[in-house]
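Protein chains in written order, with full-length UniProt numbering: chain A, 1 to 302; chain B, 1 to 302; chain C, 1 to 302; chain D, 1 to 302.
Only one structure is covered here, and it is reproduced in the block below.
There are 4 protein chains.
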Amino acid sequence: MPITPEQAAEIDAQRAQPQPTLRATAPGIEAHLYTALPVLDHGFVRVIDYMGDDSAIVQAARVSYGAGTKHVSNDEGLIRYLMRHWHSTPFEMCEIKLHVKLPIFVARQWIRHRTANVNEYSARYSIMDREFYIPAPEQLAAQSSVNNQGRGAVLEGAEAARVLEILKTDAGRSYDHYEEMLDQDGKQGLARELARMNLPTNIYTQWYWKTDLHNLFHFLRLRADPHAQYEIRVYAEEIAKVVADWVPAAYAAFADYRMGGASVSATGLDCLRRMLKGEAVTQETSGMSKGEWREFLAMIEG
Amino acid sequence: MPITPEQAAEIDAQRAQPQPTLRATAPGIEAHLYTALPVLDHGFVRVIDYMGDDSAIVQAARVSYGAGTKHVSNDEGLIRYLMRHWHSTPFEMCEIKLHVKLPIFVARQWIRHRTANVNEYSARYSIMDREFYIPAPEQLAAQSSVNNQGRGAVLEGAEAARVLEILKTDAGRSYDHYEEMLDQDGKQGLARELARMNLPTNIYTQWYWKTDLHNLFHFLRLRADPHAQYEIRVYAEEIAKVVADWVPAAYAAFADYRMGGASVSATGLDCLRRMLKGEAVTQETSGMSKGEWREFLAMIEG
Amino acid sequence: MPITPEQAAEIDAQRAQPQPTLRATAPGIEAHLYTALPVLDHGFVRVIDYMGDDSAIVQAARVSYGAGTKHVSNDEGLIRYLMRHWHSTPFEMCEIKLHVKLPIFVARQWIRHRTANVNEYSARYSIMDREFYIPAPEQLAAQSSVNNQGRGAVLEGAEAARVLEILKTDAGRSYDHYEEMLDQDGKQGLARELARMNLPTNIYTQWYWKTDLHNLFHFLRLRADPHAQYEIRVYAEEIAKVVADWVPAAYAAFADYRMGGASVSATGLDCLRRMLKGEAVTQETSGMSKGEWREFLAMIEG
Amino acid sequence: MPITPEQAAEIDAQRAQPQPTLRATAPGIEAHLYTALPVLDHGFVRVIDYMGDDSAIVQAARVSYGAGTKHVSNDEGLIRYLMRHWHSTPFEMCEIKLHVKLPIFVARQWIRHRTANVNEYSARYSIMDREFYIPAPEQLAAQSSVNNQGRGAVLEGAEAARVLEILKTDAGRSYDHYEEMLDQDGKQGLARELARMNLPTNIYTQWYWKTDLHNLFHFLRLRADPHAQYEIRVYAEEIAKVVADWVPAAYAAFADYRMGGASVSATGLDCLRRMLKGEAVTQETSGMSKGEWREFLAMIEG
């Protein structure tokens, strides 16, 4: 279970006291505030705070464009225009703060997104909780034989059982030894900043993470993508739903132009134009490598 | 006058409709929201939005420090501890968005603070307003004879009058010519993106500017400093008052440890220690250059 | 003329003394070092330093991929793969430092690229030179009647002459008055930090600008684009040639996947797929707005 | 041993071929290039590339200060002036690229420095090596009883032996199980991106890390500090030696103004001034908390 009854009570308390504010408010995300949206076996995403809404994007863009928006008849149209033409700064005018509980190996991928603010639980200062990510059976996938960083078929039977046994047993033993080294009951044990090195990277950590909407979209594009590792993708997918409730017009534009869209190279454009004129382009006549041609076909065939 | 009656009415409308929210609210800054705080002759600072309060800093820090805050008895103490030990990430958990109207030469200094989000009024897209910064007589200072980037005594009499005449006349003529080149009434005039190059850098522009509290403190430390140019300092001072109302504990810690504090070099520490033991240290025995010694004396003499 | 004979002599001196180094060197860019590549009437771009070459990108990527590069048979292929799949970090491992002389209104667009290091000539500390950008006659374009931030036909005859006269006369007069206010010969004149506000934004400034290859590509994609203002585009085009000489494989991949490529939305992909199957898609059946459909047609028709 | 004979041979090859360059070269760091400077039991720091030297800092600053450096008689003096007055941009004009091998728990602290470029060895794509950090006996410290994130006395006898046994045995077993789950010899084993979660955070990873001198100084100030965890401090100390050889004047200024210096609060300055006038200030009359007073005394007593 991701949160304790005490924590659930704290969340209820946070949700019980609406305050009046003159700021822009977005009802769709107010409904999510503080609630723990479960991810994986013990993880969660909680919205702690937000700044701005769809109108805040338009409002910021209109400073940069003055009174000249007469040709874009409404906010939604302007937001689509901004997204299509890579005018990213108005999207930076919205901000979100999340509390996330996640395995360390996921946190290590996540932190590579540098344009964000982070406060992580400190294992130098505090003792880690005994909570480890153990994949659900349907996620116990074999190494892909075609993609060096992907997964293949799901493991079954004895092999799957053996993997689960290893993960559970090693996690438990590592934690027992962590506690033994800390040894707080009698004399002073090993320093916490040293003892923690014995813990595997499927142990859960947590952090506060704050970023703007433009950088969040970039995060979602990379991490909610089918090529992202499943264990971070499920966080991105949960966040994507929150964003759709928070800034529906911006999210719809993002879904159309980024998530559901594609990039075509100059070579690919040339092939497309030839194909639209009726030419039967093949990999050999495309100017692309085999891998690139395969990806191109996947794009145009959907 | 920095804003028109129409704009004042829009601001009143924005202030008229409080909404309920579950987010952290800071009453001290709610009172400032949307209001135009006047700066210089036509400029202003308006708070458009904010995220977080003093408690949000503590809350983020406590994720990074877990349950281990028992030795810091209260929020204010923890905030002071964080500021003193350069733990900057919890301060990044608060965010503010401002609408600022400012002369271009001030905007050029301001934009050097890179960790911020900006949407500026576009002179490619729109026509600039006829508003120029003309210094008040008491700001018409001569070049400093001791500081290559500072001001000396205030100009007086005919010299002051001549400077004001130049600034006003050149600004007016440049703008007349700008309008003439744009020539919108009859045929198509010169492109706006070209015509604007004729305008001097004391013309007013405006932007939305959003940053986090840590980076805002850095901005204030450099720009509310007596060595900063007066024309940006007055903006920083106005913002500093807003911040003091928004996050009083964080601002008090900042005032003590940063704005009112000082950095001492290893050489300076050595001198201090010798002086506290009764030694009469001089520039010659200090190990410092003359300039550095002068700054050191200014620091310890207050 | 962008540089003085004294400056030309300094550049010759810098180019006269090759030193041995163990670092990666890129002969194609060594040929450009220090030389002033002229841009506009008085501007230039000078390469001051660089770090890395095409191999440095591969080398960094191979740390992240260990010994597993067996499926990408050569450096060029790996570089294309990285570019195609938005693996941007290896491109960040190359760095370039430029000395640029440019009009202030161009500098104001340029500085919006925040992930870069900048040292600009200080008009608080020093006196600006009397050098202004005056457009060549073929650049004196009218405001576009279809694009709010674009140019239309070139001005001609008396109108063009009048614009040139205004730009030259106002620049000259502003500078005369700038000098008069500074008034250095006799008594102390107006502070430099104040006097500079009288200067128009077509005066030239200069700076050192340093960025990594990934961010430089982003700069080039936006600023070497036909929609960028001509006066910044010519700088981007000059830099693009330097980059092509510096990292030819990375530049070729960038030209194919970014500069010459395009983004297609989910809606656009759907239209493409229908068209490739023989359907006659129109704006009405496309799901796109008129503006978007026009851009879509321009893309597929080339 | 941090590197294999094959790797040593590759390094020798890299060092064998000096090339002529027109760029600024710094002989002091050329001597370090590519060489693996050992850190901890299996880690290292290798300088892969650098840009700039002390003169490059001055050169960049002189663009921002034009011809106006007559009052600072030499490069060293100007560098000290820039450091003392927090003019950080000229230091950003130097850049360094390192190859670092380090335990994951150290990498997790290191990556919090966001203004840097990183390429890390991928455990999704490749198989991790069997190399773990096992502390030397003199580093096996107990938890500090006064500092929640510090170390106390060194463990001894049976307790130390037990800790070492746990760390070694758990690391070995985790790695055995990692290999067993990957099971490459026969059929397809567990995906690498999943199997790696069983590995503890004292396993070694490696990355290319590139940053500018200003941000590197910030890293060194925090990580070469006595309060930093020993296991990252030793990396910082090794890098500090390299920097001292690379940019001796900048490093000396950094050592004086940052590493060896201190920050004094407004309250602390007031106490200092009173003490220098002969007053016997105590904690009670200082206006400081007990903890702050203790830190203040430590500073002035050295």
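Every residue, glycine too, gets a C-beta built ideally from N, C-alpha and C.
For residue i, tell me which candidate among the options has the shortest Cα-Cα distance.
i: A:Tyr251; options: A:Leu98, A:Val264, A:Glu237; result: A:Glu237
i: A:His214; options: A:Thr267, A:Gly302, A:Asp256, A:Met83; result: A:Met83
i: B:Thr115; options: B:Leu216, B:Asp176, B:Ile134; result: B:Leu216
i: D:Ala175; options: D:Glu131, D:His87, D:Arg274; result: Looking at the sequence shown, residue 175 of chain D is not Ala but Tyr. Out of D:Glu131, D:His87, D:Arg274, D:Glu131 has the C-alpha closest to the C-alpha of D:Tyr175.
i: A:His113; options: A:Ala36, A:Met128, A:Glu295, A:His218; result: A:His218
i: C:Ile3; options: C:Glu138, C:Ala16, C:Gln19, C:Gly43; result: C:Gly43
i: C:Val234; options: C:Val39, C:Arg273, C:Thr35; result: C:Val39
i: C:Phe254; options: C:Trp86, C:Leu164, C:Val45, C:Ser55; result: C:Trp86
i: D:Leu182; options: A:Arg162, A:Gln188, A:Leu199, A:Pro200; result: A:Arg162
i: D:Lys277; options: B:Trp207, B:Gly302, B:Glu92; result: B:Gly302
i: A:Arg267; options: C:Trp293, C:Met288, C:Met299, C:Pro248; result: The sequence as given places Thr at residue 267 of chain A; Arg does not occur at that position. Of C:Trp293, C:Met288, C:Met299, C:Pro248, the residue nearest in Cα terms is C:Met299.
For residue i, which residues in the same chain have their Cβ closer than 7 Å to its Cβ, ignoring the five residues on either side in sequence?
i: D:Thr205; result: Leu102, Ile104, Ala107, Glu120, Tyr121
i: A:Ala67; result: Low confidence applies to A:Ala67: its pLDDT is 33, below 50, so where it sits in the model is not reliable, and the reading given next is rough at best. Contacts found: none.
i: C:Trp209; result: Leu98, Val100, Ala116, Val118
i: D:Asp49; result: Lys97
i: A:Val281; result: Cys271, Arg274, Met275
i: B:Gln14; result: Tyr34
Where does the unbroken beta strand (DSSP E) through residue i begin, and where does it stop?
i: C:Leu207; result: The sequence as given places Trp at residue 207 of chain C; Leu does not occur at that position. Residues 204-212.
i: A:Val146; result: Where A:Val146 is concerned, there is no enclosing beta strand (DSSP E), given that its DSSP letter is neither H nor E.
i: D:Ala9; result: Taken as a continuous stretch (DSSP letters only), D:Ala9 belongs to no beta strand (DSSP E), being part of the alpha helix (DSSP H) at 5-15.
i: C:Thr21; result: 19-21
i: B:Val264; result: 262-264
Tell me where the alpha helix (DSSP H) around residue i begins and ends.
i: A:Ser55; result: 54-65
i: B:Val163; result: 157-182
i: C:Gly28; result: 27-30
i: A:Glu120; result: Where A:Glu120 is concerned, there is no enclosing alpha helix (DSSP H), although the beta strand (DSSP E) it sits in stretches over 117-120.
i: C:Gln109; result: 104-110
i: A:Leu78; result: 75-84
i: B:Pro248; result: 248-254
Starting from the C-beta of residue i, find all residues in its chain whose C-beta is less than 6 Å away, skip the five residues before and the five after it, and write them out in chain order.
i: residue 303 of chain D; result: No statement about residue 303 of chain D is possible, as the shown extent of chain D runs from 1 to 302 and does not include it.
i: A:Tyr65; result: Its pLDDT being 33, under 50, A:Tyr65 is placed unreliably in this model, and the coordinates cannot settle the point.
i: A:Pro90; result: Ile57, Ala60, Ala61, Leu82
i: D:Gly150; result: Ser144
i: A:Gln109; result: Ile232
i: D:Leu220; result: Ala236, Ala240
i: B:Glu159; result: none
Which residues does DSSP list as the beta-bridge partners of residue i?
i: residue 307 of chain D; result: What is shown of chain D runs 1 to 302, which leaves residue 307 of chain D out entirely.
i: D:Phe132; result: D:Ile203
i: C:Arg151; result: C:Gln143
i: A:Leu37; result: A:Val45
i: D:Leu190; result: A:Ala142
Apart from the five residues just before and just after residue i, which ones in its own chain have a Cβ nearer than 8 Å to its Cβ?
i: A:Glu193; result: Ala123, Arg124
i: D:Glu10; result: none
i: C:Thr25; result: Asp53
Residues in the region 8-36 of chain A having any Cβ partner in chain D nearer than 9 Å: So nothing in the stretch comes that close.
Residues within the region 108-125 of chain B neighbouring chain A, beta-carbon criterion of under 7 Å: Asn117, Val118, Asn119, Glu120, Tyr121, Ser122, Tyr125
Contacting positions in the region 135-147 of chain A - beta carbon closer than 9 Å to chain D: Pro135, Gln139, Leu140, Ala141, Ala142, Gln143, Ser144, Ser145
Contact residues within the region 271-285 of chain A, judged by C-beta distance below 7 Å to chain C: Answer in chain order: Leu272, Arg273, Met275, Leu276.
Near-chain C residues of the region 184-216 of chain D (beta-carbon distance less than 7 Å), N- to C-terminal order: The region 184-216 of chain D vs chain C, Cβ under 7 Å: Gln206, Trp207, Tyr208, Lys210, Asp212.
Members of the region 92-103 of chain C that neighbour chain B once the beta carbon cut-off is set at 8 Å: Pro103
Against chain A: residues of the region 39-58 of chain B by CB proximity under 9 Å: Ile48, Asp49, Tyr50, Met51, Gly52, Ala56
Residues from the region 257-268 of chain D in contact with chain B, defined by Cβ distance under 8 Å: Tyr257, Met259, Gly260, Gly261, Ala262, Ser263, Val264, Ser265, Ala266, Thr267, Gly268
Contact list for the region 289-302 of chain C against chain A, Cβ threshold 8 Å: Sequence-ordered contacts of the region 289-302 of chain C with chain A read Ser289, Gly291, Glu292, Glu295, Met299, Ile300, Glu301, Gly302 [C-beta pairs closer than 8 Å].
Against chain B: residues of the region 75-91 of chain A by CB proximity under 8 Å: Thr89, Pro90
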